[in-house]
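What follows is a set of notes on a single structure, which appears directly below.
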Ligand code: AGP
């Protein structure tokens, strides 16, 4: 997620902006920039790299300028380049932006902007439009421009001929603002302003802010001045970066609905999957006879969910390979195999080496990566970037569900290209995928129940996840999550496999979490549950069914929203993530930084 800061006041803006950008670094970024508004002119500094690099770039600028905007870019539209870094300048206008303008390509055509643009970004299109509409009245220009935009935006804007003033407006993307003795400040979140004041207000959506050195005017689109509620915090900087959550992992669990919306929205045109913007050529889908998915850990588990869907719906064989195994075997792939690589960091060494090996067999590689410009992305033939924003907690959560969503988009595109899905079926599928954020939001409401289960299982040495089909695949991710952050030894088992050995381990109060969301095998799973219940297990049953109060079946029932079987993954994912999280928290562990683990395994 990009970081935004604007300052206008009675002290040099440069240091306020640079220090503020340093406090926003935790949001993850690949470029940084700043614009200073001086009498009659705008001085622009921007480049790829860190805030420290930006500080070096503007080291010789000692202007007393007291008004400016700064930005850390987490690339979505357009590569990681100096010219794509913010701020963006267009004639009289300079701006910074956090968000995704979904219709920017259409606006480029409608307003004939192609020859004017110097960057590949959606943000510059907004600057160009503002410059077209600006005739001396900034508020009018802003109103005309935002009427055209669809998508999420947090914008800070300066006009060359209006010294000392910053204008701002948001829709969905976060922004807070405050006035203090040093002046007026606006930023993506509290971390950038907490050094000046603990009081702030949340910028109301579709309200235009005018910041000057003696305060902030907030007006709605009809020109009515409003006074947002002033809030105050007693957080320190680290707390502010967590947005008030105790750990980054919980924050990232709750960010999943927006992460999925930000990932799928730019790839849906007229209700159908569309990878035009990603430059992904349909030929790789048309010619593939088989698919090989290669990844590690949670990313691999996301690939397994994709396998389940593709084989079920499209009848195309999918092999899922553990990257560290794949790279040392003689894989059975060729030019008719599409290799799909998944990686949140884009730097996992085993996955990278597996990717390179796949290419030597003539296989085209499409990677699903969360970090723009990462090594795996650069080595791939095609990349589908997820827009989950930076994932700070070692345990992957939002990256996993956006990877699943990306796999679902790809599956639907393959179905269309190979005529294995009618357009009507594809539209229906995409409409269901667009409800995935709502499924997650509904399931997040079970947090208290899941917390109770966590307290019940936290002292168990072992726990078992059982399920069939997709539910078994979800169990694999559930077991990994529980192990890696709560240190409870957990195993996932195909429910029908229990009686072939593992049921010997089921004794009094051993926790068994049963995922039973796949309707066609529901009764089978229930009979497996009765087997473990009869041996004294503590059973948690996750199912779409109404309350299941039969004590012979379960001790705790968690009901997930009733959706098509393949979409229950988004509900089950949240449950397994929260169970792991609350178990770790109940044990007083460092949830974000579990022992022995790194966020990205970049060495063998
Ligand atoms: C996930 O919770 C783990 N931290 C780990 O399995 C991770 O998914 C794996 O290391 C792959 O990382 P990547 O997605 O960055 O390649």
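Residue numbers (my numbering): 6 to 609.
Even for Gly, the Cβ is constructed at its ideal location relative to N, Cα and C.
Heavy atom of ligand 1 within 7 Å of residue 304 beta-carbon: yes
DSSP-derived helix/strand/coil call for residue 541: coil
C-alpha distance - residue 584 paired with residue 10, whole-angstrom precision: 36 Å
Residue 594 beta carbon near ligand 1 (any heavy atom closer than 7 Å): no
CA-to-CA distance, residue 313 to residue 332, given in whole angstroms: 23 Å
Residue 111 (DSSP reduced to helix, strand or coil): helix
Any 3 or more C-beta pairs closer than 8 Å across the region 437-449 and the region 571-582: yes
Residues near residue 167 in its chain [Cβ-Cβ closer than 7 Å; skip 5 each side]: 143
Helix, strand or coil at residue 498 [DSSP, three-state]: strand
Short Cβ contact (8 Å threshold) for residue 407 with residue 264: yes
Near ligand 1: residue 585 beta-carbon under 7 Å from a heavy atom: no
Residue 493 versus residue 431: straight-line alpha-carbon distance, rounded: 41 Å
Exposed unless 16 or more other CB atoms sit within 10 angstroms - verdict on residue 516: buried
Closest residue to residue 509 among 519, 541 and 295 (Cα-Cα distance): 541
Selected residue, minimal CA-CA separation from residue 134, among 123, 118 and 279: 118
Which of helix, strand or coil DSSP assigns to residue 253: helix
Alpha helix (DSSP H) runs contained entirely in the region 277-303, provided each spans 4 or more residues: 288-291
Residue 29 beta carbon less than 8 Å from that of residue 159: no
8 Å contact criterion, which residue 399 and residue 603 should meet: CB distance rounded: 7 Å
Alpha-carbon to alpha-carbon, residue 225 and residue 63: 36 Å
Of the listed residues 36, 323, 124 and 174, nearest to residue 146 (C-alpha basis): 174
Through-space distance from residue 20 to residue 70, alpha-carbon basis: 10 Å
Distance cut-off 7 Å: residue 260 Cβ against heavy atoms of ligand 1: no
8 Å contact criterion, which residue 185 and residue 171 should meet: CB distance rounded: Not quite, the Cβ-Cβ distance comes to about 15 Å (not below 8 Å), so this is no contact.
Member of 341, 193, 375 and 216 whose CA lies at the smallest distance from the CA of residue 164: 216
Cutoff 6 Å; reference residue 371; Cβ partners in own chain excluding five residues on either side: 345 and 387
Where residue 187 sits in the DSSP three-state scheme: coil
Coarse secondary structure for residue 534, derived from DSSP in three states: helix
Three-state secondary structure (DSSP) of residue 71: coil
Residue 439 (DSSP reduced to helix, strand or coil): coil
CA nearest to the CA of residue 439, picked from 115, 266, 15 and 403: 266
Cβ-heavy atom distance, residue 80 to ligand 1, below 7 Å: no
Residue 91 beta carbon less than 8 Å from that of residue 51: yes
Identified DSSP bridge partners for residue 212: 225
Rounded C-alpha distance that separates residue 39 from residue 74: 6 Å
Heavy atom of ligand 3 within 7 Å of residue 605 beta-carbon: Summarising the ligand content, the structure contains ligand 1 and does not contain ligand 3.
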